[in-house]
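All letters in the sequence shown, in the order written, are residues 84 to 446 by the working numbering.
C-beta atoms are modelled at their ideal positions from N, C-alpha and C, and glycine is treated no differently.
A quick note: this is a predicted structure, and the numbers were derived from the prediction, not measured.
First the structure, in the form of structure tokens, and then the observations on it.
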Amino acid sequence: MVRQRLLGAAALTVALATGAVAEDKVVNVYNWSDYIDESVLEEFTKETGIKVVYDVFDNQDIVETKMLAGGSGYDVVVITGPFLARQIAAGVYQPLDKSKLPNLSNLWPEVTSRVAEYDPGNQYGVDYMWGTTGIGYNVEKIKAIMPDAPVNSWDMVFKPEIVSKFKDCGVQFLDASEELIPAALKYLGKNPDSKEAADMEEAGKLLASVKPYVQKFHSSEYINALANGDICLAVGYSGDILQARNRAEEAKNGVTIQYVIPKEGANMWFDIMAIPKDAPNPDAAHAFINFMMKPDVIAKSTNYVAYANGNLASQKFVDPAILSDTSIYPDKETLANLFSTTPYDAKAQRVLTRVWTSVKTGM
Numbered sequence: 084m085v086r087q088r089l090l091g092a093a094a095l096t097v098a099l100a101t102g103a104v105a106e107d108k109v110v111n112v113y114n115w116s117d118y119i120d121e122s123v124l125e126e127f128t129k130e131t132g133i134k135v136v137y138d139v140f141d142n143q144d145i146v147e148t149k150m151l152a153g154g155s156g157y158d159v160v161v162i163t164g165p166f167l168a169r170q171i172a173a174g175v176y177q178p179l180d181k182s183k184l185p186n187l188s189n190l191w192p193e194v195t196s197r198v199a200e201y202d203p204g205n206q207y208g209v210d211y212m213w214g215t216t217g218i219g220y221n222v223e224k225i226k227a228i229m230p231d232a233p234v235n236s237w238d239m240v241f242k243p244e245i246v247s248k249f250k251d252c253g254v255q256f257l258d259a260s261e262e263l264i265p266a267a268l269k270y271l272g273k274n275p276d277s278k279e280a281a282d283m284e285e286a287g288k289l290l291a292s293v294k295p296y297v298q299k300f301h302s303s304e305y306i307n308a309l310a311n312g313d314i315c316l317a318v319g320y321s322g323d324i325l326q327a328r329n330r331a332e333e334a335k336n337g338v339t340i341q342y343v344i345p346k347e348g349a350n351m352w353f354d355i356m357a358i359p360k361d362a363p364n365p366d367a368a369h370a371f372i373n374f375m376m377k378p379d380v381i382a383k384s385t386n387y388v389a390y391a392n393g394n395l396a397s398q399k400f401v402d403p404a405i406l407s408d409t410s411i412y413p414d415k416e417t418l419a420n421l422f423s424t425t426p427y428d429a430k431a432q433r434v435l436t437r438v439w440t441s442v443k444t445g446m
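Printed below as a string of structure tokens:
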């Protein structure tokens with residue numbers, strides 16, 4: 084859900100244009116912060132003459148509030164699978180005009196079929212990026228504290244007797260109930276997509292048992308904290324942790340970060356481009372989505388954010404180091420062990436919110 088959120092929740096607007104662009108040729112895009120190579124936006128304007136007004140967010144609840152209220156003014160919104168499904172049911176989005184999207188032929192059937200779980204028939208959305216939620220850690224610090232640490236297992240963060248060893252070097256978790264509760268359920272051997280109150284409460288008890296050792300629940304601070312060596316362990320999004328790894332390498336600060344998909348399985352999430360029903364510029368929206376599905380274009384963003392994309396044809400343009408990294412593009416066996424979650428109905432959402440608030444407050 085991805086996914087690099089280093090710019091925070093402020094609505095950073097990036098208006099990109101070349102030369103004199105007609106004011107009515109605009110596409111308004113709403114996406115996660117630091118989640119695109121900005122040169123891609125410049126290329127789009129050069130190719131189409133359409134200016135991009137690009138706003139960012141770091142919390143999907145904010146997006147959902149805007150979408151359900153209507154009149155957001157956005158033409159393209161990037162939304163994660165379960166949120167998309169719930170908002171489709173609420174009539175938020177318009178069906179895609181696939182005659183305007185010839186580059187759909189480049190999509191990856193494996194990803195498209197999984198996205199269809201949220202968007203039956205793939206009528207409303209096109210995958211932008213996808214990734215997993217797992218464990219990031221500081222190799223040297225973890226080894227020094229526990230040479231045989233089970234870094235490839237959820238034991239690392241869900242067993243109090245293990246995670247407690249790393250309290251002093253710093254542990255942070257995503258502030259995302261829809262990620263942590265399913266992960267805890269999977270670890271407990273239950274259906275990670277369970278909407279049963281008893282199951283969610285059991286997952287909450289597990290998380291509460293390790294909460295004393297968690298320094299912070301936050302959806303972006305762990306990136307720099309890992310990169311700078313301020314913490315040694317995090318539960319986070321794959322691309323965020325790989326960004327931390329790359330930043331540490333660039334800084335040459337002696338910090339080595341690794342990301343792992345726990346052997347028990349992990350959440351596979353999808354960030355999907357969709358067009359609001361009341362989009363002011365639907366033709367420009369289709370042009371933008373079609374442009375993003377050009378293999379070399381979407382590959383450029385993958386190379387920038389270190390997330391896999393849903394475009395099979397793009398893989399020949401993806402940096403070989405990224406394409407061969409199984410923490411980004413998992414092998415078939417790992418891929419088969421990844422799970423996805425479906426939307427919470429209102430009743431289940433209330434339980435989820437209550438359980439998560441209890442975990443974080445210790446009450």
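Ignore the nearest five residues each way along the sequence and tell me which others in A70's own chain have a CB closer than 6 Å to its CB. No answer is possible for residue 70: the residues shown for the chain start at 84 and end at 446.
Are the CB atoms of A382 and V401 within a distance shorter than 9 Å? Translated into positions along the sequence shown, residue 401 becomes position 318. Translated into positions along the sequence shown, residue 382 becomes position 299. In contact: V401 and A382 (Cβ atoms closer than 9 Å).
Given D202 as reference, the closest of D180, I171, V194, E193 once Cα atoms are compared: Looking up residue 202 in the sequence shown gives position 119. Per the Cα distances, I171.
Under a three-way DSSP split, which group does K525 fall into? This structure cannot settle anything about residue 525, because the visible part of the chain is limited to 84 through 446.
Applying the 10 Å Cβ sphere with the 16-neighbour rule, what's the burial state of A286? Mapped onto the sequence shown, residue 286 falls at position 203. It is buried - the Cβ of A286 has at least 16 other Cβ atoms within 10 Å.
Who are the near neighbours of G164 in its chain, counting only those whose CB is closer than 6 Å to its CB and skipping five residues on each side? Walking along the sequence shown from the start, residue 164 turns up at place 81. Contacts found: Y201, F353.
Under the three-state DSSP convention, the category I344 falls into: Sequence index remark: in the sequence shown, residue 344 carries index 261 (1-based). Residue state, collapsed to three classes: coil.
In whole angstroms, what is the alpha-carbon distance linking I411 and D366? One-based indexing of the sequence shown puts residue 411 at position 328. One-based indexing of the sequence shown puts residue 366 at position 283. Distance between the alpha carbons of I411 and D366 is about 33 Å.
Work out the CA separation of P243 and Y427 for me, nearest whole Å. In the sequence shown, counting from the first residue as 1, residue 427 sits at position 344. In the sequence shown, counting from the first residue as 1, residue 243 sits at position 160. Roughly 28 Å separates the two Cα atoms.
Straight-line Cα distance separating S196 from L167: Position 84 of the sequence shown, counted from the start, is the residue given in the question as residue 167. Position 113 of the sequence shown, counted from the start, is the residue given in the question as residue 196. Straight-line Cα distance between these residues: approximately 15 Å.
Could you give the uninterrupted runs of the alpha helix (DSSP H) lying entirely in the segment 157 to 192, keeping only those of 4 residues or more? 164 to 172
Any chance the segment 319 to 336 sits against the segment 213 to 231, with 3 or more Cβ pairs inside 8 Å? yes
Tell me whether L271 sits in a helix, a strand or coil according to DSSP, three-state version. On the sequence shown, residue 271 is found 188 positions in, with the first residue counted as 1. Three-state result, L271: coil.
Quick check on DSSP: helix, strand or coil for S292? Taking the sequence shown and counting its residues from 1, the one referred to as residue 292 is at position 209. Helix at S292.
Check whether the Cβ atoms of L271 and L263 sit closer than 9 Å, and answer yes or no. Walking along the sequence shown from the start, residue 271 turns up at place 188. Walking along the sequence shown from the start, residue 263 turns up at place 180. No, the Cβ-Cβ distance between L271 and L263 is not below 9 Å.
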